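The structure under discussion appears below in the form of structure tokens.
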Amino acid sequence: MTSVIKKVSLNLKRVCFKRGTRTILDNVEFSVSQGELVLMTGQNGSGKSTLLKITAGLLKPQQAQVSFVPHDGQQGSYSWPRLKKLLLRKVCYLHQHPYLFHGTVYDNVAYGLKRQKMSKQEIEQRVVQALQEYSLESLIHRDCYELSGGEKQRVAIVRSWITRPDIILLDEPFSNMDKESRKKSYALIKQMCQQDIAIVLTSHDPLIGELSFDQHVHLYQGKMTHKLV
Amino acid sequence: MNDLTDASIQALQLLLSGDAEVWNIISVSFTVSLKAILIATVPAIAVSFVLAYYAFPGRRFVITLFNTALAIPAVVVGLTLYLLLSRSGPFGDLHLLFTQEAMIIGQIILAFPLLVAMSHASLQSSDQRAWETAITLGASAFMAAVTVIREVRFGLMAAVIAAFGRIIAEVGSSMMVGGNIFNHTRNIPTAIALETSKGSFVEGIALGMVLLTLALLLNFFLTAIQGKAEVIHQ
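Protein chains in written order, with our numbering: chain A, 151 to 379; chain B, 1049 to 1282.
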């Protein structure tokens, strides 16, 4: 029996992930709701990226109880293949060093929209508008290999945002950015939360205090602790 | 040395004169090899993608088999095909022996392992993030695969060119299953072998020039696309 619930929520319980004999995540519990901004901290190798990739449906955990209610979906318990499909459709993951496809900034930002089978005109309109909002319109016809690290990161964030997923997972999104780019990114992240997109980000950035988080979770040797914000 | 120079000049004159016999041989060569490479490329890239991106039991064994198949001499492929297609063979009823179709099958068998091995090497070294990014942006598994293939297209083009270079110059398989029939299955390598055995070097050199020119053009193209790839990866 399923019931329609509008509010997005993703709950992960008892998540365990091992690589060979090494335990990466040990009984981790984690949840995120519509429009929430979640900070995930932890040392290198603490399992942050692994947890984000599981949340995005890119990695299959050895054990996990996952319940997910997408914006337009139904609550229910799903088998992993179905859940994976749903997560891949509704959750967007951005690598620490984002990958930009060969081609221009336009090609990259339009990539996700093309998969949504929009008309060429609509895609063009939305890409231009999104790049303008993020002050990246001057880069629209630039080849991606010409961009700086910070510009690549900002283009990748816009590329994720434009597909309007329910949740965006940002792995160290500010690592290649200067102060100015970070401020622009903070503004975009706040805007995304206002648009009811949930954001989970990992960061070592001391300036991150400029963002007000709804949750702060900390991973230490594969175990999670929740901190007050 | 003078004989070689004279023969080369005569060969060039023969080519430029538009000699119907020579150009027919060139046409057979290109028709057969282009068809073979066109048929082999898509399935070979699909196989190499599966080998690079999916884990399944026996994967390493399959990779080893393809790598081993690189060393199979063309004449062994020709001999095996001959036995299969000859009248007393299991596929004798198809009447394919001494036809261009038989030559195409032989060249596909020769090109396939090379295409798989080289494409697999390119895809194996491709960035895992390309696949993950495509998938997480809403691409289906098929579209994500197409995206990854597009990202490594320079490596795949090199594989196609190398495979085409191999099959257009092979003589063993084409000779055995094609039969070197004039106006039908005589291609550049089999014609060179025949003309040389008859002591008629001019036509052999003319056809050799075509193969060398082709090799030169393919390598210019390969260098040009690799040069472009270097710029992109800066």
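We put the CB at the ideal spot given by N, CA and C, even for glycine.
Nothing here was measured: the structure is a model prediction, and the numbers come from that model.
So, for residue i: in the same chain, excluding its five sequence neighbours on each side, which residues have a beta-carbon less than 6 Å away from its beta-carbon?
| i | result |
| --- | --- |
| A:Lys156 | Caution is warranted here: a pLDDT of 47 is assigned to A:Lys156, below 50, making its placement in the model unreliable, and the coordinate value is therefore given only provisionally. Cβ within range, chain order: n/a, list empty. |
| A:Gln365 | Val188 |
| A:Ser159 | Ser183, Val219 |
| B:Tyr1130 | Met1224, Val1225 |
| A:Ser217 | Asn161 |
| A:Glu360 | Tyr336 |
| B:Ser1096 | Val1164, Ser1167, His1168, Leu1171 |
| A:His376 | Val367 |
| A:Ala260 | Ile273, Val277 |
| A:Asn326 | Gly299, Gly300, Gln303 |
Starting from residue i, find everything on chain B with Cβ-Cβ shorter than 7 Å and list it in chain order.
| i | result |
| --- | --- |
| A:Ala206 | Thr1184 |
| A:Gly262 | Leu1185, Gly1186 |
Can you list, in chain order, the residues of its chain with a C-beta nearer than 7 Å to that of residue i? Leave out the 5 residues immediately preceding and following it.
| i | result |
| --- | --- |
| B:Ala1178 | Thr1195, Val1196, Glu1199 |
| B:Gly1256 | Ile1240 |
| B:Ala1159 | Ala1084, Ile1085, Ala1088, Ala1211, Arg1214, Ile1215 |
| B:Ser1056 | Ile1253 |
| B:Thr1238 | Val1219, Ser1222, Met1223, Gly1226, Asn1228 |
| B:Val1154 | It should be pointed out that residue 1154 of chain B corresponds to Gly in this sequence rather than to Val. Once the five neighbours on either side are set aside, the close Cβ partners of B:Gly1154 are Val1125, Gly1126, Leu1129, Ser1221, Ser1222, Val1225. |
| B:Val1080 | Gln1148, Met1151, Ile1152, Gln1155, Asn1235 |
Under the three-state reduction of DSSP, which class applies to residue i: helix, strand or coil?
| i | result |
| --- | --- |
| B:Phe1109 | helix |
| A:Asn177 | strand |
| A:Ser362 | coil |
| B:Asn1231 | coil |
| A:Lys157 | coil |
| B:Ala1103 | coil |
| A:Tyr284 | coil |
| A:Gly324 | Gly is not the amino acid found at residue 324 of chain A; the sequence shown has Phe there. A:Phe324: coil per DSSP, three-state reduction. |
| B:Ala1084 | helix |
| B:Asp1054 | helix |
| B:Ala1210 | helix |
| A:Gly253 | coil |
| A:Met151 | Note that A:Met151 scores 44 on pLDDT, short of 50, meaning its location in the model is unreliable and no value can be drawn from it. |
| A:Leu338 | helix |
| A:His312 | The amino acid at residue 312 of chain A is misidentified as His; the sequence shows Ile. In the structure shown, A:Ile312 sits in coil (DSSP, three-state: anything other than H, G, I, E or B). |
| B:Ala1239 | helix |
| A:Ser199 | helix |
| A:Gln213 | strand |
| A:Arg164 | strand |
| A:Met190 | strand |
| A:His298 | A small correction: the amino acid at residue 298 of chain A is Ser; His does not occupy that position in the sequence shown. Coil. |
| A:Asp222 | coil |
Looking only at its own chain, which residues have a Cβ that is under 8 Å from the Cβ of residue i, when we skip the five neighbours before and after it?
| i | result |
| --- | --- |
| A:Leu297 | Leu250, Val255, Leu289, Val305 |
| A:Ile204 | Leu162, Val165, Phe167, Leu175, Lys210, Pro211, Ala214 |
| A:Tyr370 | Gly192, Gln193, Ser196 |
| B:Pro1138 | Leu1132 |
| B:Asp1175 | Glu1199 |
At the level of alpha carbons, what is the spacing between residue i and residue j?
| i | j | result |
| --- | --- | --- |
| B:Ile1240 | B:Phe1249 | 8 Å |
| B:Ile1273 | B:Gly1203 | 9 Å |
| B:Ala1254 | B:Ala1207 | 27 Å |
| A:Phe363 | A:Gln215 | 25 Å |
| A:Lys334 | A:Tyr284 | 7 Å |
| A:Gly197 | A:Ile174 | 6 Å |
| B:Ala1100 | B:Ala1182 | 17 Å |
| B:Met1166 | B:Phe1268 | 19 Å |
| B:Val1125 | B:Val1090 | 21 Å |
| A:Trp311 | B:Leu1082 | 45 Å |
| B:Asn1072 | B:Phe1078 | 10 Å |
| A:Asp346 | A:Glu186 | 8 Å |
| B:Gln1148 | A:Gln275 | 53 Å |
| B:Leu1266 | B:Phe1114 | 24 Å |
| A:Gly292 | A:Lys302 | Reading off the sequence shown, one finds Arg at residue 292 of chain A, where the question assumed Gly. One C-alpha to the other measures close to 11 Å. |
| A:Cys343 | A:His221 | 14 Å |
Kindly list, in the order they appear in chain A, the residues whose Cβ is closer than 9 Å to that of residue i.
| i | result |
| --- | --- |
| B:Arg1177 | His245, His247, Pro248, Tyr249 |
| B:Glu1243 | Simply none; closest approach about 46 Å. |
| B:Glu1180 | Lys203, Ala206, Leu208, Tyr243, His245, Tyr249 |
| B:Thr1195 | Phe251, Tyr261 |
Could you tell me which chain A residues have their CB closer than 7 Å to the CB of residue i, listed as they occur along the chain?
| i | result |
| --- | --- |
| B:Met1191 | Arg265 |
| B:Thr1271 | Within 7 Å Cβ-Cβ: nothing; B:Thr1271 doesn't reach chain A, min ~19 Å. |
Output, in chain order, the set of chain B residues within a Cβ distance shorter than 9 Å of residue i.
| i | result |
| --- | --- |
| A:Arg239 | Gly1186 |
Please list the partners that residue i has in chain B, where partner means a Cβ-to-Cβ separation under 8 Å.
| i | result |
| --- | --- |
| A:Thr313 | Leu1185, Gly1186 |
| A:Cys242 | Thr1184, Leu1185 |
I'd like to confirm something about residue i: is its beta-carbon nearer than 7 Å to some heavy atom of the ligand FMN, or not?
| i | result |
| --- | --- |
| B:Thr1147 | This structure lacks the ligand FMN; in fact it carries no ligand of any kind. |
Quiz item: Which residue spans inside the stretch 1134-1195 of chain B form an unbroken alpha helix (DSSP H) run of at least 4?
Solution: Annotation: the stretch 1134-1195 of chain B contains the following complete segments of the alpha helix (DSSP H) (minimum length 4 residues), in chain order: 1148-1172, 1176-1184.
Practice problem: Check each residue of the stretch 299-311 of chain A: if its Cβ is closer than 9 Å to any Cβ of chain C, include it; give the result in chain order. | Solution: Absent from the structure is chain C; the protein chains it does hold are A and B.
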